[in-house]
Amino acid sequence: MKHALNLYRRLLGVQIRSQMQYRASFALELVGTGLIALFEYASLALVFERFDNLGGWTLGQVAFLYDMAEFSFGIMDMIFAGFDPSLFGQNVRRGTFDQLLLRPVNISVQVLGSEFTLRRIGKIIVGAGIFASALALNPVAWTPPKALLATLMAVSQVAFFGGLFIIGATITFWTVESIEVVNIFTYGGNYMISHPMHIFPAGLRQFFTYIIPAIFLAYYPALYILELPDPFRLPAFAPWLAPLAGLSVLMAALAFWRFGIRYYQSTGT
Amino acid sequence: MRIFWELTKTSLQRHLTYRAATIAGLVTNFFFGILRAAIFVALYDQQAEVGGLSLQGAITFAALAQAFIGYLSLFSWFELMNSVYTGDISSDLLKPMNYFAFWLAQDLGRALVNLLLRGLVLMAGYALIFDLIWPKSILQMLAVLVAIAFSWLLSFAWRFLINLSALWTPNARGILRFFFVFSWFFSGFLMPLRLYPDWVQSISRFTPFPHMLNSVVEIYLNMLSGPEVLLTLLAQLLWATILIAAGQFVLRAGVRRLVILGG
Numbered sequence: 000m001k002h003a004l005n006l007y008r009r010l011l012g013v014q015i016r017s018q019m020q021y022r023a024s025f026a027l028e029l030v031g032t033g034l035i036a037l038f039e040y041a042s043l044a045l046v047f048e049r050f051d052n053l054g055g056w057t058l059g060q061v062a063f064l065y066d067m068a069e070f071s072f073g074i075m076d077m078i079f080a081g082f083d084p085s086l087f088g089q090n091v092r093r094g095t096f097d098q099l100l101l102r103p104v105n106i107s108v109q110v111l112g113s114e115f116t117l118r119r120i121g122k123i124i125v126g127a128g129i130f131a132s133a134l135a136l137n138p139v140a141w142t143p144p145k146a147l148l149a150t151l152m153a154v155s156q157v158a159f160f161g162g163l164f165i166i167g168a169t170i171t172f173w174t175v176e177s178i179e180v181v182n183i184f185t186y187g188g189n190y191m192i193s194h195p196m197h198i199f200p201a202g203l204r205q206f207f208t209y210i211i212p213a214i215f216l217a218y219y220p221a222l223y224i225l226e227l228p229d230p231f232r233l234p235a236f237a238p239w240l241a242p243l244a245g246l247s248v249l250m251a252a253l254a255f256w257r258f259g260i261r262y263y264q265s266t267g268t
Numbered sequence: 000m001r002i003f004w005e006l007t008k009t010s011l012q013r014h015l016t017y018r019a020a021t022i023a024g025l026v027t028n029f030f031f032g033i034l035r036a037a038i039f040v041a042l043y044d045q046q047a048e049v050g051g052l053s054l055q056g057a058i059t060f061a062a063l064a065q066a067f068i069g070y071l072s073l074f075s076w077f078e079l080m081n082s083v084y085t086g087d088i089s090s091d092l093l094k095p096m097n098y099f100a101f102w103l104a105q106d107l108g109r110a111l112v113n114l115l116l117r118g119l120v121l122m123a124g125y126a127l128i129f130d131l132i133w134p135k136s137i138l139q140m141l142a143v144l145v146a147i148a149f150s151w152l153l154s155f156a157w158r159f160l161i162n163l164s165a166l167w168t169p170n171a172r173g174i175l176r177f178f179f180v181f182s183w184f185f186s187g188f189l190m191p192l193r194l195y196p197d198w199v200q201s202i203s204r205f206t207p208f209p210h211m212l213n214s215v216v217e218i219y220l221n222m223l224s225g226p227e228v229l230l231t232l233l234a235q236l237l238w239a240t241i242l243i244a245a246g247q248f249v250l251r252a253g254v255r256r257l258v259i260l261g262g
């Protein structure tokens with residue numbers, strides 16, 4: 000374990016040093032990533048001048064949901080970039096994944112350390128900025144349980160989307176090509192939890208409640224923290240299912256990943 | 000001209016073979032369109048019309064925006080940039096053909112495949128679940144078709160221009176991403192421009208981006224009067240001309256300092 004951590008730290012160091020090699024280019028990517036996040040949020044926030052609510056939620060309330068997802072997805076995308084299905088699929092196709100397998104060190108640590116996209120800090124900063132503006136628009140009466148739940152919300156979302164990335168990466172063992180359909184769960188899931196879930200068609204909402212438990216990662220904790228009524232009347236502990244939902248997806252993903260590696264057959268390139 | 004059509008044909012055939020990618024793109028675009036439509040329904044909340052756009056119009060807008068992603072390569076287009084980094088550009092420049100036309104021909108093949116296999120199929124799919132708006136007359140349909148063709152020319156001229164930044168920097172991907180975001184926002188891809196505050200719409204008028212998507216959809220939704228439609232088509236052509244000219248100018252400046260490493 001200590002060895003693995005040590006190795007991960009070294010791999011991170013390599014990543015960070017190499018990305019800092021071209022300073023100007025890095026700065027531009029950082030600003031670019033931040034601007035993407037900012038423009039996407041602006042497109043939603045600006046229309047609130049003409050419409051004053053989204054499914055009964057004010058801009059401040061929607062922004063609270065939105066920035067959490069933005070912030071967590073940014074952190075996840077930075078840490079789990081090695082498992083990004085589109086990138087990982089390339090490694091499987093080109094055989095670079097086989098090189099990693101030959102090394103006598105933990106394969107998961109190697110993949111995790113193979114990519115660390117620092118430019119996501121741009122997105123994370125914007126997420127934090129929107130969080131501040133959300134609180135300014137819609138002050139929350141913070142209590143210790145609410146603060147705890149907000150923290151759990153962010154951590155669980157990171158675990159959840161990290162799990163989806165790992166599942167997407169594992170699938171490429173069989174498909175070789177990265178399958179864009181995984182985007183429905185990662186980017187689509189992210190898009191859904193950024194908005195109040197009750198506005199989406201019932202079928203989709205149920206899918207993201209019972210099959211993929213995304214609703215517990217954002218919507219329910221937000222209902223608790225913002226003190227809004229639950230339109231679906233789930234039990235009162237529903238907001239606290241967030242860590243369970245996040246961790247179970249990550250655990251299931253890791254199990255699938257180990258299973259995938261055991262049955263992995265190289266493409267031969 | 001014969002080379003042009005040959006290039007278009009080969010590119011078309013090549014893109015026809017990417018079946019898995021086409022299906023995956025279809026499914027993803029379809030899914031996001033449904034989410035976007037749901038957001039409009041929630042935003043409108045019984046209001047009949049906002050900023051001159053009806054709810055039915057907004058839903059049709061969401062559908063068309065998704066249908067355009069593949070056709071205009073809205074999310075990203077790095078092909079020219081990659082050819083600079085692989086060095087392929089050196090042999091492409093030697094071809095007895097204008098460099099812009101060389102890429103234009105290939106992009107035409109790509110765009111046609113995406114328009115037919117992704118755009119049309121998506122619209123048919125949305126028509127099954129939503130009550131969409133359709134063009135009312137042959138004349139309007141004709142204007143829509145011309146606008147769709149011009150929007151591709153404009154979008155390509157712009158993608159060509161920004162890809163040339165690869166001639167100056169070893170890592171143009173970040174720059175390109177940055178430029179693409181502007182087009183998502185100001186073309187109305189993220190939200191129809193009429194739903195934004197007036198000052199945002201005013202800024203957008205100084206850019207070519209509304210003419211890539213927003214104007215086309217407004218013609219489609221019959222939101223513009225006859226003279227306005229003609230002016231819009233002219234503006235599309237004018238912007239395309241400006242961007243093509245800028246591309247030629249930048250290309251000449253870039254090629255002068257281009258160094259290809261052997262290997």
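Here the protein sequences come in this chain order: A and B.
The opening position of the first sequence corresponds to residue 0 in numbering that gives the first Met the number 0, with each subsequent residue numbered one higher.
The opening position of the second sequence corresponds to residue 0 in numbering that gives the first Met the number 0, with each subsequent residue numbered one higher.
Positions of the beta carbon are idealized from the N, C-alpha and C atoms, including for glycine.
- Between I132(B) and the set F31(B), E5(B), W76(B), M222(B), the nearest pair of CA atoms involves M222(B).
- Per DSSP, the beta-bridge partners of E48(B) are S53(B).
- Burial of A36(B) is indicated by the presence of at least 16 other C-beta atoms within 10 angstroms of its C-beta.
- When CB distances to chain A are screened at a threshold of 8 Å, not a single residue of the region 200-228 of chain B falls below it.
- Residue G81(A) holds the alpha-carbon nearest to the alpha-carbon of I166(A) among V104(A), L34(A), G81(A), L151(A).
- In terms of beta-carbon proximity, Y209(A) stays away from the interface with chain B, with every pair separated by 8 Å or more.
- Looking at the DSSP output, L53(A) bridges to W56(A).
- P84(A) places its beta carbon 8 Å or farther from that of L148(A).
- The C-beta of R13(B) comes no closer than 8 Å to any C-beta of chain A.
- Counting along the chain, T231(B) sits inside the alpha helix (DSSP H) bounded by residues 225-255.
- Around the beta-carbon of P220(A), 16 or more other beta-carbon atoms lie within 10 Å, marking it buried.
- By the C-beta density criterion, V215(B) is buried, having at least 16 other C-beta atoms within 10 angstroms.
- Shown here, G86(B) sits in coil according to DSSP, grouped into three states, outside any helix or strand.
- Judged by beta-carbon spacing, F164(A) lies beyond the 8 Å limit of T150(A), meaning their Cβ atoms are not closer than that value.
- Secondary structure at N189(A): helix, using DSSP grouped into helix, strand and coil.
- Taking 8 Å as the threshold, the shortest C-beta distance from W133(B) to chain A does not fall below it.
- For H194(A), a Cβ of chain B is located within less than 8 Å of the residue's own Cβ.
- At a cut-off of 8 Å between beta carbons, Y125(B) makes no contact with chain A.
- Taking the CA atoms as reference points, H194(A) sits about 6 Å from V61(A).
- The DSSP-derived three-state label of E179(A) is coil.
- Per the coordinates, the alpha-carbon of A168(A) lies some 11 Å from the alpha-carbon of F96(A).
- The beta carbon of G56(B) sits closer than 7 Å to the beta carbons of I132, L220 from its chain, once the five residues preceding and following it are set aside; these are given in chain order.
- Interface flag for R176(B) against chain A is set, since a Cβ pair is found closer than 8 Å.
- Put simply, the CB of N162(B) is far from chain A, with every gap to its CB atoms at 8 Å or more.
- Given a length threshold of 4 residues, each whole run of the alpha helix (DSSP H) inside the region 24-101 of chain A is given here in chain order: 58-78, 84-93, 95-101.
- In this structure, the CA atom of A158(A) is about 30 Å from the CA atom of S24(A).
- The alpha carbon of A153(A) has as its nearest neighbour, out of Y263(A), D66(A), I198(A), Q18(A), the alpha carbon of D66(A).
- Annotation for G202(A): the continuous alpha helix (DSSP H) segment containing it runs 201-205.
- Judged by beta-carbon spacing, I192(A) lies beyond the 8 Å limit of V139(A), meaning their Cβ atoms are not closer than that value.
- By the criterion of a C-beta distance shorter than 6 Å, L54(B) is surrounded in its chain by Y43, once the five residues flanking it on both sides are discounted.
- With a beta-carbon spacing of about 6 Å, A44(A) and L58(A) fall inside the 8 Å limit used to define contacts.
- With a threshold of 8 Å between beta carbons, V26(B) makes contact with chain A.
- Interface criterion met: the Cβ of T168(B) is under 8 Å from a Cβ in chain A.
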